[in-house]
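K.L.:
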Amino acid sequence: MDSRMDKEEPQSTQSIQETAPAPGIPSESRHAPLRMRISKIVEKATTHDGWFGDYDYAWLCTPSLPFSGGSRNPRLPPFYALNTELPLALAITSGLQHALAMLAGLITPPIILASSLNLDNQTSAYMISASLISGGILSLLQMSRIKLFRGYYLGTGLITVVGTSFSTLSTANAIFEAMYRDGTCPSVTSDAGVTRGPCPDAYGMVLGTSLICSFLEIFMSFAPPRILQRVFPPMVTGTVVLMIGVSLIGASGIPNWGGGSNDCKTSPATGIFQLCPTIFAPRPLPWGSAEFIGIGFLSFITIIITEIFGSPFLKNISIITGLAVGCIVAGAAGYIDGSTIKAAPAITFLWVRRFKISVYPPAILPMLAVYISLAMEAIGDITASAEVSRVEVQGQEFESRIQGGILVDGIGGFVSALFTVAPLSTFAQNNGVIAITRCANRGAGRWCCFFLILFGVLGKISGVFLAIPNPVLGGVTTFLFASVAVSGVRVLSYIRFTRRDRFVLAAALSFGFGDLLVPGIFTHLFERVGDQNKGLQGLFDSITIVLSTPFLSSGIVAAILNLILPQEPEHDADKLDHEDPLDVESDEHRQSN
Numbered sequence: 001m002d003s004r005m006d007k008e009e010p011q012s013t014q015s016i017q018e019t020a021p022a023p024g025i026p027s028e029s030r031h032a033p034l035r036m037r038i039s040k041i042v043e044k045a046t047t048h049d050g051w052f053g054d055y056d057y058a059w060l061c062t063p064s065l066p067f068s069g070g071s072r073n074p075r076l077p078p079f080y081a082l083n084t085e086l087p088l089a090l091a092i093t094s095g096l097q098h099a100l101a102m103l104a105g106l107i108t109p110p111i112i113l114a115s116s117l118n119l120d121n122q123t124s125a126y127m128i129s130a131s132l133i134s135g136g137i138l139s140l141l142q143m144s145r146i147k148l149f150r151g152y153y154l155g156t157g158l159i160t161v162v163g164t165s166f167s168t169l170s171t172a173n174a175i176f177e178a179m180y181r182d183g184t185c186p187s188v189t190s191d192a193g194v195t196r197g198p199c200p201d202a203y204g205m206v207l208g209t210s211l212i213c214s215f216l217e218i219f220m221s222f223a224p225p226r227i228l229q230r231v232f233p234p235m236v237t238g239t240v241v242l243m244i245g246v247s248l249i250g251a252s253g254i255p256n257w258g259g260g261s262n263d264c265k266t267s268p269a270t271g272i273f274q275l276c277p278t279i280f281a282p283r284p285l286p287w288g289s290a291e292f293i294g295i296g297f298l299s300f301i302t303i304i305i306t307e308i309f310g311s312p313f314l315k316n317i318s319i320i321t322g323l324a325v326g327c328i329v330a331g332a333a334g335y336i337d338g339s340t341i342k343a344a345p346a347i348t349f350l351w352v353r354r355f356k357i358s359v360y361p362p363a364i365l366p367m368l369a370v371y372i373s374l375a376m377e378a379i380g381d382i383t384a385s386a387e388v389s390r391v392e393v394q395g396q397e398f399e400s401r402i403q404g405g406i407l408v409d410g411i412g413g414f415v416s417a418l419f420t421v422a423p424l425s426t427f428a429q430n431n432g433v434i435a436i437t438r439c440a441n442r443g444a445g446r447w448c449c450f451f452l453i454l455f456g457v458l459g460k461i462s463g464v465f466l467a468i469p470n471p472v473l474g475g476v477t478t479f480l481f482a483s484v485a486v487s488g489v490r491v492l493s494y495i496r497f498t499r500r501d502r503f504v505l506a507a508a509l510s511f512g513f514g515d516l517l518v519p520g521i522f523t524h525l526f527e528r529v530g531d532q533n534k535g536l537q538g539l540f541d542s543i544t545i546v547l548s549t550p551f552l553s554s555g556i557v558a559a560i561l562n563l564i565l566p567q568e569p570e571h572d573a574d575k576l577d578h579e580d581p582l583d584v585e586s587d588e589h590r591q592s593n
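Counting in the UniProt record's numbering, the sequence shown runs from 1 upward without gaps.
(1) If I measure Cβ to Cβ from P225 and keep anything under 7 Å in the same chain, skipping five residues before and after, which residues do I get?
(2) What distance in whole Å lies between the Cβ atoms of T168 and P423, which are believed to be in contact at a cut-off of 8 Å?
(3) Tell me which same chain residues have a C-beta within less than 6 Å of the C-beta of E568, skipping the five on either side of it?
(4) In or out: D263 buried (at least 16 other Cβ within 10 Å) or exposed?
(5) Using CA coordinates, which residue listed in T156, T383, G474, S116 is at the minimum distance from D201?
(6) In angstroms, rounded to a whole number, what distance separates the CA positions of T340 and F526?
(7) Strictly by DSSP, which residues pair up with L424?
(8) Three-state secondary structure (DSSP) at Y55?
(9) Can you have a look at V486 and say buried or exposed, based on whether 16 or more other CB atoms are within 10 angstroms of its CB?
(10) Quick test of the definition: if touching needs 3 or more C-beta pairs under 8 Å, does the region 325 to 334 touch the region 437 to 453?
(11) Using three-state DSSP, classify T237 as helix, strand or coil.
(12) Here's the rule I'm using: 16 or more other beta-carbon atoms within 10 Å means buried, otherwise exposed. How should K40 be labelled?
(13) Judging by CA-CA distance, which residue of V464, T437, I305, G296 is the nearest neighbour of V472?
(14) With distances taken from CA atoms, which of D541, S416, P277 is nearest A130?
(15) For L216, collect the residues of the same chain with a Cβ closer than 6 Å to its Cβ; drop the 5 residues on either side in sequence, then sort them by chain order.
(16) Alpha carbon to alpha carbon, how far is G136 from W59?
(17) Pick from A344, V391, V206, L96: whose alpha carbon is nearest that of I357?
(18) Which of the three DSSP states is assigned to S3 in this structure?
(19) Find out if the Cβ-Cβ distance for the pair L516, S247 is shorter than 8 Å.
(20) Is the beta carbon of A178 sitting closer than 8 Å to the one on T544?
(21) Using the beta-carbon count (16 or more within 10 Å), is T47 buried or exposed?
(22) Which residues in the same chain have their Cβ closer than 7 Å to the Cβ of D409, if we skip the five residues on either side of it in sequence?
(23) Identify every residue that forms a DSSP beta bridge with Y153.
(24) Locate the alpha helix (DSSP H) running through K342, then write down its first and last residues.
(25) So is S318 buried or exposed if we call it buried at 16+ other beta carbons inside 10 Å?
(26) Using the three-state DSSP reduction, which class does C213 fall into: helix, strand or coil?
(27) Might you give, ordered along the chain, the residues of its own chain that have their beta carbon closer than 7 Å to the beta carbon of F309, omitting 5 neighbours on each side?
(28) For I564, which option in V504, D182, T306 has the closest C-alpha, if you only look at C-alpha atoms?
(29) Quick one: Cα of F149 to Cα of F222, how far?
(30) Please classify Y494 as buried or exposed, where buried requires at least 16 neighbouring CB atoms within 10 angstroms.
(31) Tell me the DSSP bridge mates of V188?
(32) Please state if the CB of M235 and the CB of S554 are separated by a distance shorter than 8 Å.
(33) Which first and last residues belong to the alpha helix (DSSP H) in which Y371 is found?
(34) Taking the continuous alpha helix (DSSP H) assigned at A104, which residues delimit it?
(35) Classify N121: buried if its beta carbon has 16 or more other beta carbons within 10 angstroms, exposed otherwise.
(36) Can you tell which of P186, R528, E291 has its C-alpha closest to the C-alpha of V329?
Written out as structure tokens, the structure is:
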């Protein structure tokens with residue numbers, strides 16, 4: 001597609017030169033191209049074809065009802081490439097779908113971060129709004145394709161959307177744990193256990209640390225993509241993404257499904273967390289109550305039913321559908337507290353609330369590892385976006401898209417910290433929208449950015465998101481995080497699974513699953529070292545955070561072993577694919593035969 005566009009470029013340039021007036025021609029002639037553009041815009045906005053084109057909107061909104069007698073192979077709508085002319089109605093509809101498809105992924109991280117630090121409702125609502133606004137602004141930058149110098153670009157030139165990375169959540173939670181342990185954040189110890197106090201300064205420290213560490217990914221963007229792919233092959237990226245998804249299910253998804261991921265899940269005998277989410281909720285219950293499990297399951301099953309019977313439009317927003325159905329039932333049953341909606345402002349924007357930005361030295365090493373993982377995620381997400389957009393996924397142009405995407409990823413980490421938002425990275429949630437709607441046009445992507453910014457500016461919307469009951473959020477995010485884990489499995493499916501590959505993967509998952517199943521194993525690693533100077537203690541804390549974060553520990557092990565273990569000869573690899581001495585099932589099968 002791009003090669004055809006390149007061939008058409010001289011012709012379009014020639015036509016512009018023919019219509020452009022020469023010096024000395026009256027100014028009215030000079031403004032002719034501008035009048036032509038205005039006339040074209042007016043025509044598009046005032047004609048049926050300009051609004052609707054020949055797209056099959058009935059197909060987009062028709063549900064897949066059983067026994068409906070519909071055709072198994074319906075006529076698909078035309079495919080709209082990156083720069084083709086797009087009807088206004090399709091651009092707006094597809095843009096809204098993109099925004100709704102990534103909405104749950106944008107609101108979940110700030111909700112989890114605010115809950116981990118026990119921040120008040122007003123601050124939490126602001127963090128949601130800031131995440132939406134920042135995602136819209138930086139997605140516009142990521143969708144651009146601005147040439148810088150010597151073949152380097154800014155942006156991918158695809159519908160590549162941006163949001164708060166889930167990999168930040170796991171690391172941030174480990175950093176917050178360290179801050180509460182070392183007294184940076186306040187906590188009260190009583191007979192009921194340890195109760196954490198609000199700690200907005202901890203969030204400011206994560207932002208400040210993220211700001212300085214973002215330069216690593218910026219520098220990585222200027223490295224040849226082939227080197228990055230050599231250092232971070234599917235073996236490493238798949239392991240990282242898999243562990244991110246699985247760890248978030250255990251840290252946030254399932255605990256919220258049971259009633260809350262805060263201290264109420266430990267069922268203390270006294271204090272405000274005796275019941276979930278707190279004793280002040282409209283209908284507090286013990287963690288794991290049948291009512292909580294049922295509400296979460298309703299949201300979960302709604303996603304499945306939407307996938308089976310929903311129209312293409314609804315399938316793209318199945319996560320939002322699950323949230324909506326769960327909230328309607330939970331609200332009717334009296335589980336929703338409307339105080340967050342009343343307290344939220346009607347209109348808001350960035351910097352309405354600010355955090356004291358500073359650097360937390362023990363978080364530098366883990367955050368550098370986070371930015372490496374963000375670059376790895378960006379490579380996979382941009383490749384998937386290019387495939388579904390029907391552009392080349394190899395060659396110099398594709399590599400420039402990778403370079404431009406990683407560069408914006410790094411810049412996004414720097415700018416998002418100034419926007420009071422945790423590091424933003426490339427999302428892949430919208431690729432399904434492109435595949436189903438057959439619309440890869442960047443015009444739809446710009447409408448997506450418009451809707452994200454609009455949702456963020458309307459502060460009451462953030463209040464609504466914050467009022468979502470924990471079980472509803474847990475039932476939906478468990479599915480969402482499991483989808484992240486499945487993405488990691490899909491990446492791992494690209495490897496050949498020779499004996500060497502299995503060995504590397506087993507060693508990496510040993511650390512990852514060990515961290516996940518026994519979270520506190522590395523917490524006391526350096527407690528018996530004795531009194532150390534502040535710098536050395538900060539290094540020990542950094543190592544503890546890295547080892548306590550499943551995707552970091554497993555990703556580092558996978559990357560190191562993948563580099564130092566020699567590759568197997570081709571004929572040996574082919575032989576081991578069929579006969580692996582570690583494959584017990586194969587041995588037993590041969591013996592039974």
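Ideal placement from N, C-alpha and C gives every residue a C-beta, glycine not left out.
P.N.:
On the basis of the supplied data:
(1) The residues are E399, I402, Q403.
(2) 5 Å between Cβ atoms; contact.
(3) Excluding positions up to five away in sequence, the list reads T498, R500.
(4) Buried, since its Cβ has 16 or more Cβ neighbours within 10 Å.
(5) Closest option to D201, Cα to Cα, is S116.
(6) Taking the straight line from one Cα to the other gives about 42 Å.
(7) When DSSP reads this structure, L424 sits in a beta bridge with T164.
(8) Coil, per DSSP.
(9) Exposed, since its Cβ has fewer than 16 Cβ neighbours within 10 Å.
(10) Note that the region 325 to 334 does not touch the region 437 to 453; fewer than 3 beta-carbon pairs, one per stretch, sit closer than 8 Å.
(11) Three-state result, T237: helix.
(12) With fewer than 16 other CB atoms across the displayed protein chains lying within 10 angstroms of its CB, K40 is exposed.
(13) Checked all of V464, T437, I305, G296; the closest Cα to V472 is G296.
(14) Minimum Cα-Cα distance from A130 among the listed residues D541, S416, P277 corresponds to S416.
(15) The beta carbon of L216 sits closer than 6 Å to the beta carbons of L368, Y371 from its chain, once the five residues preceding and following it are set aside; these are given in chain order.
(16) Distance between the alpha carbons of G136 and W59: 28 Å.
(17) When each option's Cα is compared against that of I357, the closest is V206.
(18) Because S3 sits at a pLDDT of 39, beneath the cut-off of 50, its placement in the model cannot be relied upon, and the following sentence gives the value as read from the coordinates. Helix, per DSSP.
(19) In contact: L516 and S247 (Cβ atoms closer than 8 Å).
(20) Contact check for A178 against T544 passes: the beta carbons are separated by less than 8 Å.
(21) With fewer than 16 neighbouring CB atoms inside 10 Å of its own CB, T47 falls in the exposed class.
(22) In the same chain as D409, and ignoring 5 residues on each side of it, the C-beta atoms closer than 7 Å to its own belong to E217, L374, A375, A378, S425, T426, in chain order.
(23) Under the DSSP definition of a beta bridge, Y153 partners with K147.
(24) Bounds of the alpha helix (DSSP H) holding K342 are 339 to 343.
(25) Buried, since its Cβ has 16 or more Cβ neighbours within 10 Å.
(26) C213 carries a helical assignment under DSSP once its states are collapsed to helix, strand and coil.
(27) These residues qualify, in order along the chain: P63, S64, L65.
(28) Among V504, D182, T306, the Cα nearest to that of I564 is on V504.
(29) Using only the alpha carbons, I get a separation of about 11 Å.
(30) Under this definition Y494 is an exposed residue.
(31) Answer is T195.
(32) In this structure, M235 does not lie closer than 8 Å to S554 by Cβ.
(33) Annotation: the continuous alpha helix (DSSP H) that includes Y371 extends over 364 to 388.
(34) Its alpha helix (DSSP H) spans residues 88 to 116.
(35) By the neighbour-count rule (16 or more Cβ atoms within 10 Å), N121 is buried.
(36) That would be E291, whose Cα lies nearest to the Cα of V329.
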